[in-house]
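According to numbering that gives the first Met the number 0, the stretch in the sequence shown is residues 0 to 485, in order. Everything on this sheet refers to the single structure shown next.
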Amino acid sequence: MSKIIKSINKTVRAKTAKHFREHGVIVPTFKQLIHPETIPAEIKNKLKKIGLWDVNPLNLFRITWKNDIKTGLYGDVNYIEIPREITGVKPRVIGLIGKYFPTGAHKVGAAFGCLVPRIVSGEFDPTKHKAVWPSTGNYCRGGAFDSAIMGCTGIAILPEGMSKERFEWLKKIGAKVIATPGTESNVKEIYDKCNELARDPINFIFNQFAEFGNTIFHYNVTGRAIQEVFEKQLANKKSRLSAFISATGSAGTIASGDYLKKLHPQLKIVAAEALQCPTLLQNGFGEHRIEGIGDKHVPWIHNVRNTDAISAVNDDDCVRLVRLFNEKCGIDFLTSRGVKKEQLKNLSLLGISGICNLLSCIKTAKYYEMNEDDVIFTIFTDSMEMYSSRVAEYNKDQGKYSEVQAAEDFGAGLISQNIDHYAELSYYDRKRIHNLKYFTWIEQQGKESKELNAQWDPEYWRSIQEDEIDYFDKLITEFNKEVGLK
Ligand SMILES: Cc1ncc(COP(=O)(O)O)c(C=O)c1O
């Protein structure tokens, strides 16, 4: 029995199948997103002529880490290694690239994971419902993209203080946008808006912070992608996959660490957050500038018991590196430190939360005294394409970038990273964080304490992460037959 799909509404499903037939929508299976080489040749041929960001239904088949942006088809997992001249630490630091997903961010995968079970079960009716996508970052962009593809109304909810680029793109794609008060860490205000909208049954809320489709996508698709990179490209007799780092917004991405830890029991799963809002580290609160990672709550879908450490990163250091990595004087400075041209080109593949992840990799390497045989993985969730307006703002506020500033940023932002604000979690530290869920989810959001208690059992997570996906794929295959497109 599925824990996620409780019943199937065949009438709505048939209506959706007809709607998808008219809009040319075929739903990829999770297996196809993991192994895009198995996608039928007819679809691959058509994809060659479709741009990565085009609102075209076949772009659902590009919700994978393996898009080859040169051919428009598929290749190996997209990743980059950050050189030691930048990290200053011995382990290899590798990040998967989110930019090469449609919408330029990996969150379109989470949106797909939350949406698909509701489509194939007939719970969500795209001919009637409006799809509501609460987000602090890119999730609502992914959801708006999926909604446009499905030919239904998408409502993006995000804090008013998020980057201009996000709002502009949402408008362009035809999404209805609701800007909630505050900035990055104002997640409660987003929930309040969702609860208000949920009173009207026409609105269907895809709450990424509580929907296990998000977890299932990352455990199965992202986790396997990382394992593939490690196995194919990096593993040798001595190498160890030693850490997986993810700044948690909805805590979907961090579930790929759960997949990896099963294969590499020594692996440390590290949750990063902003020092200015140290919720996991200190039950703290505050405003911060690491866009996409929210906070002041623990997401329902965070498997806290499996998290080994918390790394709180100063958002000032992220801003320093945004400038160092993207201003000409910064690039010149890094060249003088021996960073190669092709490595410098890659640095704009790190958005602000990607930089936060990189800094947490450095802190983790130092905390655990890792050496050359250790490999640390993280995710570069989106790229600077989403934040060029921020670079202009920093210039306005802090003055034009200079070589002196670059040297200062390199020293203060990179070399001086240390193990401050870093906590290895004991059994009871984890329990403290787990218990924090009570105040958001039981008191405010209508979840039951019985289920919260059940979340302390590792089997709760295993069954969700591993037992649902074959059932989803079976339903997707049946549904596509009903749609009848090839
Ligand atoms: C830019 C960015 N970074 C990081 C995250 C956090 O990822 P997750 O929600 O999977 O924890 C998000 C989530 O929206 C994001 O948009």
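Note that CB positions come from ideal geometry on N, CA and C, so glycine has one too. This structure is a prediction, so every number in the text was calculated from the model and none was measured.
Same chain only: Cβ atoms within 7 Å of residue i, ignoring 5 sequence neighbours per side
i, result
"E41", "K485"
"E84", "R336, G337 and V338"
"F166", "V176"
"E290", "G136, M161, S162, E183, I351 and S352"
"G518", "For residue 518 there is no data in the structure shown, the boundaries of the chain being 0 and 485."
"I7", "S120 and G121"
"K14", "D124 and T126"
Cβ-based burial, residue i [other Cβ within 10 Å; buried from 16]
i, result
"A270", "buried"
"S134", "buried"
"Y427", "exposed"
"K65", "buried"
"I309", "buried"
"V297", "buried"
"D75", "exposed"
"R431", "exposed"
"D307", "buried"
"G50", "exposed"
"K449", "exposed"
"S245", "buried"
"F438", "exposed"
"S491", "Absent from the structure is residue 491, since the part of the chain shown begins at 0 and ends at 485."
"R91", "buried"
"G103", "buried"
"S401", "exposed"
"P27", "buried"
"N185", "buried"
"K5", "exposed"
"A143", "buried"
"A489", "Only positions 0 to 485 of the chain appear in this structure, which leaves residue 489 out of reach."
Proximity test, residue i beta-carbon vs ligand 1 heavy atom, cut-off 7 Å
i, result
"S134", "yes"
"S245", "yes"
"E290", "yes"
"Y138", "yes"
"T306", "no"
"D381", "yes"
"G248", "yes"
"Q174", "In the sequence on display, residue 174 carries Ala and not Gln. Result no, Cβ not under 7 Å from ligand 1."
"S387", "no"
"A271", "no"
"A109", "yes"
"G50", "no"
"A104", "yes"
"S162", "no"
"I253", "yes"
"S352", "yes"
Close beta carbons around residue i, own chain, < 8 Å, minus the five adjacent residues each side
i, result
"E188", "P158, T179, P180 and G181"
Opening and closing residue of the alpha helix (DSSP H) in which residue i lies
i, result
"K45", "A40 to L46"
"R91", "First-last for R91: R91 to I96, but that is the beta strand (DSSP E), not the alpha helix (DSSP H)."
"K187", "V186 to A197"
"V318", "D314 to N325"
"K261", "A254 to L262"
"A16", "K9 to H22"
"E463", "The question names Glu, but residue 463 in the sequence shown is Ile. Here the alpha helix (DSSP H) through I463 covers P457 to D466."
"K340", "K340 to N345"
"F203", "Per DSSP, F203 belongs to no alpha helix (DSSP H); it is in the beta strand (DSSP E), N202 to I204."
"G112", "K106 to V119"
"L279", "T278 to Q281"
"V176", "From DSSP, V176 is part of no alpha helix (DSSP H) but of the beta strand (DSSP E) over K175 to T179."
Whole-Å CB distance - residue i paired with residue j, under 8 Å assumed
i, j, result
"L323", "I79", "Not confirmed; about 17 Å, so no contact."
"L72", "L57", "Wrong, their Cβ atoms sit about 12 Å apart, outside the cutoff."
"G87", "I414", "6 Å"
"D472", "F60", "Not quite, the Cβ-Cβ distance comes to about 14 Å (not below 8 Å), so this is no contact."
"A273", "I292", "7 Å"
Nonlocal neighbours in the same chain, by C-beta distance under 6 Å from residue i, ignoring five residues either side
i, result
"N202", "K129, V131 and L196"
"V482", "A16, F19 and R20"
"G283", "P277"
"R117", "F123"
"L435", "V297"
"R288", "D314"
"E371", "K89"
"L233", "V374"
"T221", "S255"
Residue i: first and last residue of the uninterrupted beta strand (DSSP E) it sits in
i, result
"W132", "K129 to P133"
"D373", "D373 to F379"
"E368", "Here E368 belongs to no beta strand (DSSP E), and DSSP marks it neither H nor E."
"Y78", "Y78 to I81"
"G211", "The amino acid at residue 211 is misidentified as Gly; the sequence shows Phe. That residue, F211, is in no beta strand (DSSP E); its alpha helix (DSSP H) goes F211 to F216."
"Y421", "Y421 to E423"
"A271", "K267 to A273"
"A234", "First-last for A234: undefined, no H or E at that position."
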